[in-house]
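K.L.:
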Amino acid sequence: MTQLKPDVSDDVDLPPLLPLARRAFKHPALMHFNRLAATVIAVNLAVLIAALPEGITAEFASRAALCNLALAVLIRRQRLINLLFRMATAAPVTWPLRVRWTLAKVYHFGGLHVGGALAGSLWFAAFVVLATVERAPGDVLVLAYAIIGLFAAMLVTTIPKLRAKRHNRFELVHRFGGWLSLVLLWWMTMLQIGHGGEPVFAVLEFWVLLVLTIAIAAPWTRLRRVPVDVKRPSSHVAIARFTHGRKPFAGSSTAISRSPLREWHSFANIPSPDEHGFRLTISRAGDWTGRFIDDQPSHVWVKGITVAGVANIEVLFRKVVYVATGSGIGPCLPHLLAQEVPALLVWSTRAPRDTFGDELVDEILAVQPDARIWDTAQRGKPDMVRLAVAAYRDFGAEAVICISNKKLTWQVVHGLERRGIPAYGAIWDS
13 MTQLKPDVSD DVDLPPLLPL ARRAFKHPAL MHFNRLAATV IAVNLAVLIA
63 ALPEGITAEF ASRAALCNLA LAVLIRRQRL INLLFRMATA APVTWPLRVR
113 WTLAKVYHFG GLHVGGALAG SLWFAAFVVL ATVERAPGDV LVLAYAIIGL
163 FAAMLVTTIP KLRAKRHNRF ELVHRFGGWL SLVLLWWMTM LQIGHGGEPV
213 FAVLEFWVLL VLTIAIAAPW TRLRRVPVDV KRPSSHVAIA RFTHGRKPFA
263 GSSTAISRSP LREWHSFANI PSPDEHGFRL TISRAGDWTG RFIDDQPSHV
313 WVKGITVAGV ANIEVLFRKV VYVATGSGIG PCLPHLLAQE VPALLVWSTR
363 APRDTFGDEL VDEILAVQPD ARIWDTAQRG KPDMVRLAVA AYRDFGAEAV
413 ICISNKKLTW QVVHGLERRG IPAYGAIWDS
């Protein structure tokens with residue numbers, strides 16, 4: 013059994029803050045996710061201003077709404093996400109660090125989803141008002157008001173406090189509200205085509221809705237129930253092993269469910285280089301994960317394809333530091349095992365061997381003999397920003413990737429970036 017190294021210290025001086033002008037753009041309010049959302053809104057405002065002299069009609073507002081909603085839906089498709097990651101990470105490490113620093117923010121693409129959904133809803137609200145003023149057919153108006161009601165309900169559930177408090181409700185409203193909205197949009201479009209006497213295949217809305225329908229339905233065509241072997245090294249963690257299908261690529265995630273129409277949970281895939289299948293580490297973090305650990309299933313549902321995660325941006329840098337807490341080791345481990353990029357692990361967790369088991373810890377130390385592992389049961393919680401800075405300096409890294417809970421991830425990422433260190437972590441926008 014490999015022993016943990018006890019000589020980890022969080023007593024290190026931090027680099028000075030960037031000048032105020034540069035530091036302002038590192039503030040969470042101005043992160044790339046929000047910039048992308050603001051860009052979509054700005055483009056829509058420019059379109060609105062340009063169209064005002066000729067007047068905005070109900071048809072114009074309807075098409076603007078549909079284009080924005082198409083952006084919101086398509087940017088979330090798994091294959092497109094993987095394509096975006098492949099394009100962004102194709103840049104060689106010889107490119108200037110500032111360019112690679114920005115390219116690595118590719119996982120903020122969700123800002124396009126938010127911007128498109130918000131702009132699309134506002135345009136559709138304008139369509140409802142204009143269609144009412146223009147005295148559109150009654151059956152069209154009834155459907156239009158029903159759709160805007162669904163959009164309003166979906167937007168309300170995205171309010172951060174409500175979403176955090178009632179996440180399952182958020183998922184259900186978005187899933188079933190989205191499906192019902194699509195059905196009603198089809199119905200309304202066909203009524204409009206009928207009233208206008210136009211051929212169906214000549215109408216832009218028909219083709220856009222067809223693309224959206226295929227995109228939404230595609231992951232569900234791969235829905236299947238698969239066997240899973242679950243081991244529980246402690247009451248806090250379960251390790252689920254799968255052997256179905258192809259081995260997923262390192263840095264991808266798989267969504268699993270015990271009730272496919274109700275809720276899905278994504279976990280990082282841990283493929284082993286020398287064996288078939290992959291593992292998921294599932295820690296106790298709520299009702300669903302608690303039930304999974306206590307009542308271990310023999311089968312779960314999966315759908316769609318594996319999708320790239322934030323740590324895939326590691327290939328844009330010559331060396332990286334992985335900062336993880338607790339079960340955040342799961343998304344880091346496949347990259348550490350693949351050893352595609354020189355990396356150093358900083359892991360803060362409670363009693364690692366008791367919690368995760370000797371097998372997993374020894375597997376980590378086999379590929380990361382110099383890993384800096386902080387046992388919070390013995391030493392309390394460390395200053396993760398200082399631990400990250402020390403590892404970044406000592407290892408000569410170009411970037412830090414943090415996998416932790418929301419509060420600590422943002423603390424590390426923004427704590428480093430405002431000091432001029434490229435840092436990355438999940439933004440919980442799904």
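Counting along the sequence shown from 1, when you hit position 427 you're at 439 in our numbering, and nothing is skipped either side. Glycine included, every Cβ here is placed at the ideal spot set by N, Cα and C. Bear in mind that the values here come from a model prediction, so they are computed numbers and not experimental data.
My output table needs one value for residue 181: the three-state DSSP class, helix, strand or coil.
P.N.:
Of the three classes helix, strand and coil, the one that applies to residue 181 here is helix, per DSSP.
K.L.:
DSSP beta-bridge partners for residue 445?
P.N.:
Lying outside 13 to 442, the shown extent of the chain, residue 445 is not represented and no answer is given.
K.L.:
Mind checking whether residue 331 and residue 409 have CB atoms under 7 Å apart?
P.N.:
Cβ distance < 7 Å, so residue 331 and residue 409 count as in contact.
K.L.:
Can you have a look at residue 177 and say buried or exposed, based on whether 16 or more other CB atoms are within 10 angstroms of its CB?
P.N.:
Residue 177 is exposed by the Cβ-count criterion.
K.L.:
Could you check whether residue 162 and residue 189 sit closer than 7 Å to each other, using their CB atoms as the reference points?
P.N.:
It is a contact, given that the beta carbons lie within the stated cut-off.
K.L.:
For residue 250 versus residue 294, is the C-beta distance shorter than 7 Å?
P.N.:
The answer is yes: Cβ separation under 7 Å.
K.L.:
Give the list of continuous alpha helix (DSSP H) stretches no shorter than 4 residues that lie fully inside the stretch 199-272.
P.N.:
The stretch 199-272 contains these whole alpha helix (DSSP H) runs: 216-229.
K.L.:
Give every residue of the same chain whose Cβ lies closer than 6 Å to the Cβ of residue 432, excluding the five residues on either side of it in the sequence, and list them in chain order.
P.N.:
Within the same chain, residue 432 has close Cβ partners 30.
K.L.:
Exposed or buried, what is residue 52 when buried is set at 16 or more other beta-carbons lying within 10 Å of its beta-carbon?
P.N.:
So residue 52 counts as buried.
K.L.:
Is residue 329 helix, strand or coil when you go by DSSP?
P.N.:
Correct three-state label for residue 329: coil.
K.L.:
Please state the DSSP three-state secondary structure of residue 132.
P.N.:
It is helical.
K.L.:
Spatial neighbours of residue 215 within its chain, please: C-beta separation below 6 Å, excluding the five flanking residues on both sides.
P.N.:
Contacts found: 205.
K.L.:
Taking the alpha-carbon of residue 257 as reference, which of 283, 183 and 132 has the nearest alpha-carbon?
P.N.:
It is 283.
K.L.:
Could you tell me how far apart the beta carbons of residue 137 and residue 160 are, in whole angstroms, since I believe they sit closer than 8 Å?
P.N.:
Yes, residue 137 and residue 160 are in contact; Cβ-Cβ is about 6 Å, under 8 Å.
K.L.:
Grab me the residues of residue 129's own chain with a C-beta within less than 6 Å of its C-beta, minus the 5 sequence neighbours each way, in chain order.
P.N.:
The residues are 84.
K.L.:
With distance defined between alpha-carbon atoms, name the residue in 279, 395, 232 and 348 nearest to residue 20.
P.N.:
Ranking the options by Cα distance to residue 20, first place goes to 395.
K.L.:
Please list, in chain order, all residues of the same chain as residue 319 whose beta carbon is under 7 Å from its beta carbon, the five residues on each side excluded.
P.N.:
Hits under 7 Å: 90, 93, 94, 264 and 265.
K.L.:
Around the C-beta of residue 27, are 16 or more other C-beta atoms found within 10 angstroms, so that it is buried, or is it exposed?
P.N.:
Exposed, since its Cβ has fewer than 16 Cβ neighbours within 10 Å.
K.L.:
Could you give the DSSP three-state label for residue 387: helix, strand or coil?
P.N.:
The answer is strand: DSSP assigns residue 387 an E or B state.
K.L.:
Just the Cα atoms here: how many angstroms apart are residue 347 and residue 220?
P.N.:
The straight-line gap from Cα to Cα measures roughly 38 Å.
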